[in-house]
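Engineer: Sending over a structure as structure tokens; questions will come in a sec.
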């Protein structure tokens with residue numbers, strides 16, 4: 025259930041154009057195939073249009089930038105992975121970092137794609153809009169991990185879910201962007217320990 | 025004293041070439057002037073060479089990439105700011121975020137420059153090398169903030185200085201790269217509270 029979530033709908037809602045589901049899926053499939061077969065360097069709206077037998081204007085009507093289309097494919101890869109729901113807060117944090125962030129990016133296409141989108145967003149407003157909307161949706165979605173632990177009575181109910189998620193995501197982004205995804209397991213444990221200690225019920229009592 | 029630190033020396037050491045201090049300063053001055061007067065878009069090795077009346081090969085001998093030179097200028101701007109040493113851990117964390125990271129980047133040239141270097145590092149190996157070395161040095165330097173609090177007996181002596189610094193830096197990078205430096209003060213307080221709670225002596229005892 026947790027895999028059928030939110031952020032793509034949020035983003036699509038903000039585009040505000042009607043889509044034809046059939047052609048849309050054909051375009052996404054073509055985009056994914058190109059990315060898998062040729063990598064990021066072979067990926068362009070032109071190549072996707074050719075492969076999907078769609079017009080470039082059609083693609084641009086639905087995805088206002090290359091980054092927006094890349095993000096949709098990226099998001100599809102991410103949705104193949106389980107979002108953690110172990111019933112234990114620290115295990116969920118571990119799973120979040122290993123499954124959805126650092127482990128998801130490490131050594132493969134997904135990290136390369138996501139780095140490139142972040143980079144493009146720093147100078148291209150359309151890429152920035154796509155990334156920021158996607159990222160906002162993902163962050164909101166990930167907050168459930170903290171909120172569930174609160175609802176179970178496992179952690180301090182006053183814990184700031186948004187900031188906890190952003191500390192973890194920020195740490196992972198930082199590792200990605202400084203080329204340090206390797207050998208992060210001890211450091212992941214250290215992050216989990218810090219967040220665990222910070223959210224303990226009645227700390228210091 | 026804490027202002028006369030470390031990371032430039034670390035980085036320069038790794039370049040391993042002798043520099044002539046006079047020309048080097050002239051080049052840095054020219055680079056800074058161009059950046060202040062024309063912004064990032066006017067900044068190029070060519071423009072710096074012209075203004076400093078230096079040869080491009082001379083500049084490249086000392087700074088192997090545009091990103092490396094930009095980082096040196098950026099670092100000069102940063103050194104105009106006090107590195108926090110208030111005698112209190114949470115105040116130091118606040119000062120670190122406000123003075124050296126989010127507040128330093130907000131609304132000005134420095135944030136724009138740093139974003140662009142991070143972006144360039146995602147596709148240009150020379151920029152990556154310069155950024156990663158700089159960032160490693162800065163992180164190492166910032167750890168003193170945690171280590172001093174340990175030495176004062178203020179926080180748990182087992183606190184992981186490196187990970188604490190990276191959580192904070194990662195949070196700030198994330199804000200910078202998602203265009204959310206505005207209105208961060210409440211969130212900075214929330215970050216400080218989380219790190220404060222996580223490093224309390226004998227938590228839960």
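Chains as they are written, first to last, in the working numbering: chain P, 25 to 229; chain F, 25 to 229.
Here a beta-carbon is modelled for each residue, glycine too, at the ideal position from N, C-alpha and C.
For clarity, every value in this text was computed on a predicted model and none was experimentally measured.
1) Here's the rule I'm using: 16 or more other beta-carbon atoms within 10 Å means buried, otherwise exposed. How should residue 90 of chain P be labelled?
2) Taking only the alpha-carbon atoms, compute the straight-line gap between residue 105 of chain P and residue 135 of chain P and give it to the nearest angstrom.
3) What residues in the stretch 212 to 226 of chain P bring their beta carbon closer than 9 Å to a beta carbon of chain F?
4) Could you round the C-beta distance between residue 24 of chain F and residue 171 of chain F to whole angstroms and report it? I think they count as a contact, below 8 Å.
5) Can you give me the start and stop residues for the alpha helix (DSSP H) that residue 87 of chain P sits inside?
6) Which term fits residue 161 of chain P, buried or exposed, when burial requires 16 or more other beta carbons within 10 angstroms of its beta carbon?
7) Kindly give me the distance between the Cβ atoms of residue 195 of chain F and residue 216 of chain F, rounded to whole angstroms, as I take these residues to be in contact under 8 Å.
8) Taking residue 136 of chain F as part of the alpha helix (DSSP H), name the residues at either end of that continuous run.
9) Relative to the alpha-carbon of residue 183 of chain P, which residue among F/202, F/186, F/219, F/155 has its alpha-carbon at the smallest distance?
10) Tell me the rounded alpha-carbon separation between residue 209 of chain F and residue 75 of chain P.
11) So which residues on chain P does residue 135 of chain F lean against when the C-beta distance must stay under 9 Å?
12) Counting Cβ pairs, one atom from each stretch, are 3 or more of them under 8 Å apart for the stretch 116 to 128 of chain F and the stretch 50 to 63 of chain F?
13) For residue 159 of chain P, go through chain F and note every residue whose CB falls closer than 8 Å to its CB, in chain order.
14) So is residue 153 of chain P buried or exposed if we call it buried at 16+ other beta carbons inside 10 Å?
15) Using a Cβ-Cβ cut-off of less than 7 Å, give me the residues of the stretch 166 to 184 of chain F that come near chain P, in sequence order.
16) Would you mind giving the Cβ-Cβ distance between residue 167 of chain F and residue 186 of chain F, rounded to the nearest angstrom? I have them listed as a contact below 8 Å.
17) Per DSSP, what kind of secondary structure is residue 107 of chain P in: helix, strand or coil?
18) Would you verify that the beta carbon of residue 152 of chain P is, or is not, closer than 8 Å to some beta carbon of chain F?
19) Return the CA-CA distance between residue 202 of chain F and residue 101 of chain P, expressed in angstroms with no decimal places.
20) Taking the alpha-carbon of residue 98 of chain P as reference, which of P/204, P/137, P/84, P/189 has the nearest alpha-carbon?
21) Closer than 7 Å by C-beta to residue 66 of chain F: which residues in its own chain qualify, once you throw out the five before and the five after it? Chain order, please.
22) If contact means a Cβ-Cβ distance below 7 Å, which residues of the stretch 88 to 100 of chain P contact chain F?
23) Report yes or no: is there a C-beta of chain P within less than 8 Å of the C-beta of residue 146 of chain F?
24) I'd like the span of the alpha helix (DSSP H) that includes residue 217 of chain P, first residue to last.
25) Determine the contact status of residue 133 of chain P and residue 145 of chain P, defining contact as a CB-CB distance below 8 Å.
26) What is the DSSP secondary structure of residue 101 of chain F, reduced to helix, strand or coil?
27) In chain order, what residues of the same chain have a beta carbon less than 7 Å from the beta carbon of residue 140 of chain P, not counting five sequence neighbours either side?
28) Between the beta-carbon of residue 69 of chain P and the beta-carbon of residue 120 of chain P, is there less than 8 Å?
29) Spatial neighbours of residue 71 of chain P within its chain, please: C-beta separation below 7 Å, excluding the five flanking residues on both sides.
30) How close, in whole Å, do the beta carbons of residue 73 of chain F and residue 221 of chain P come, if the pair is a contact with beta carbons under 8 Å?
Structural biologist: On the basis of the coordinates in this document:
1) Locating residue 90 of chain P in the first chain gives position 66, where the first residue counts as 1. Flag for residue 90 of chain P reads buried.
2) Locating residue 105 of chain P in the first chain gives position 81, counting from the first residue. Locating residue 135 of chain P in the first chain gives position 111, counting from the first residue. Distance between residue 105 of chain P and residue 135 of chain P, taken at the CA atoms: about 14 Å.
3) Those would be 214, 215, 217, 218, 219, 220, 221, 222, 223, 224, 225, 226, in chain order.
4) Only positions 25 to 229 of chain F appear in the structure, and residue 24 of chain F is not among them; the question remains open.
5) Reading the first chain from its first residue, position 63 is the one you call residue 87 of chain P. Where residue 87 of chain P is concerned, there is no enclosing alpha helix (DSSP H), because DSSP gives it neither an H nor an E.
6) The count along the first chain starts at 1 and reaches residue 161 of chain P at position 137. Residue 161 of chain P is buried by the Cβ-count criterion.
7) Numbered from its first residue, the second chain carries residue 195 of chain F at position 171. Numbered from its first residue, the second chain carries residue 216 of chain F at position 192. In this structure residue 195 of chain F is not in contact with residue 216 of chain F, their Cβ atoms being roughly 11 Å apart against a cut-off of 8 Å.
8) Along the second chain, read from residue 1 onward, the residue named residue 136 of chain F stands at position 112. Residues 133 to 145.
9) The residue you call residue 183 of chain P lines up with position 159 of the first chain. Checking every option, the nearest Cα to that of residue 183 of chain P belongs to F/219.
10) On the second chain, residue 209 of chain F is found 185 positions in, with the first residue counted as 1. On the first chain, residue 75 of chain P is found 51 positions in, with the first residue counted as 1. Straight-line Cα distance between these residues: approximately 48 Å.
11) Indexing the second chain from 1 puts residue 135 of chain F at position 111. Under a criterion of Cβ atoms nearer than 9 Å, no residue of chain P is adjacent to residue 135 of chain F; the nearest Cβ is some 10 Å distant.
12) Not touching, per the Cβ criterion.
13) Start at 1 with the first residue of the first chain, and residue 159 of chain P comes out as number 135. What residue 159 of chain P touches in chain F, judged by beta-carbon distance under 8 Å, is 202, going in chain order.
14) In the first chain, counting from the first residue as 1, residue 153 of chain P sits at position 129. With a threshold of 16 other beta carbon atoms within 10 Å, residue 153 of chain P meets it and is buried.
15) Answer in chain order: 184.
16) Walking along the second chain from the start, residue 167 of chain F turns up at place 143. Walking along the second chain from the start, residue 186 of chain F turns up at place 162. Yes, residue 167 of chain F and residue 186 of chain F are in contact; Cβ-Cβ is about 6 Å, under 8 Å.
17) If you number the first chain from 1, residue 107 of chain P lands on position 83. Correct three-state label for residue 107 of chain P: coil.
18) What you label residue 152 of chain P is simply residue 128 of the first chain in a count that begins at 1. With a threshold of 8 Å between beta carbons, residue 152 of chain P makes contact with chain F.
19) Within the second chain, the letter at position 178 stands for residue 202 of chain F. Within the first chain, the letter at position 77 stands for residue 101 of chain P. Whole-angstrom Cα-Cα distance: 22 Å.
20) Looking up residue 98 of chain P in the first chain gives position 74. Residue P/137 is the option with its Cα nearest to residue 98 of chain P.
21) On the second chain, position 42 is the one that residue 66 of chain F refers to. So the list reads 58, once near-sequence residues are dropped.
22) Listed in sequence order: no entries.
23) As a working mapping, residue 146 of chain F is identified with position 122 in the second chain. It does; some Cβ of chain P falls within 8 Å.
24) The sequence position of residue 217 of chain P within the first chain is 193, counting from 1. Note, residue 217 of chain P: alpha helix (DSSP H), 209 to 222.
25) Residue numbering aside, residue 133 of chain P sits at position 109 when the first chain is read from its first letter. Residue numbering aside, residue 145 of chain P sits at position 121 when the first chain is read from its first letter. Not closer than 8 Å, so no.
26) If you number the second chain from 1, residue 101 of chain F lands on position 77. Reduced to three states, the DSSP call for residue 101 of chain F is helix.
27) In the first chain, residue 140 of chain P corresponds to position 116, counting from 1. Around residue 140 of chain P, the same chain offers 64 as residues with beta carbons nearer than 7 Å, after the five sequence neighbours per side are excluded.
28) Taking the first chain and counting its residues from 1, the one referred to as residue 69 of chain P is at position 45. Taking the first chain and counting its residues from 1, the one referred to as residue 120 of chain P is at position 96. No, the pair does not count as a contact, with Cβ atoms beyond the cut-off.
29) Along the first chain, one-based indexing puts residue 71 of chain P at 47. Correct list, in chain order: 58.
30) The residue labelled residue 73 of chain F in the question sits at position 49 within the second chain. The residue labelled residue 221 of chain P in the question sits at position 197 within the first chain. The pair is not a contact, with the Cβ atoms about 52 Å apart (cut-off 8 Å).
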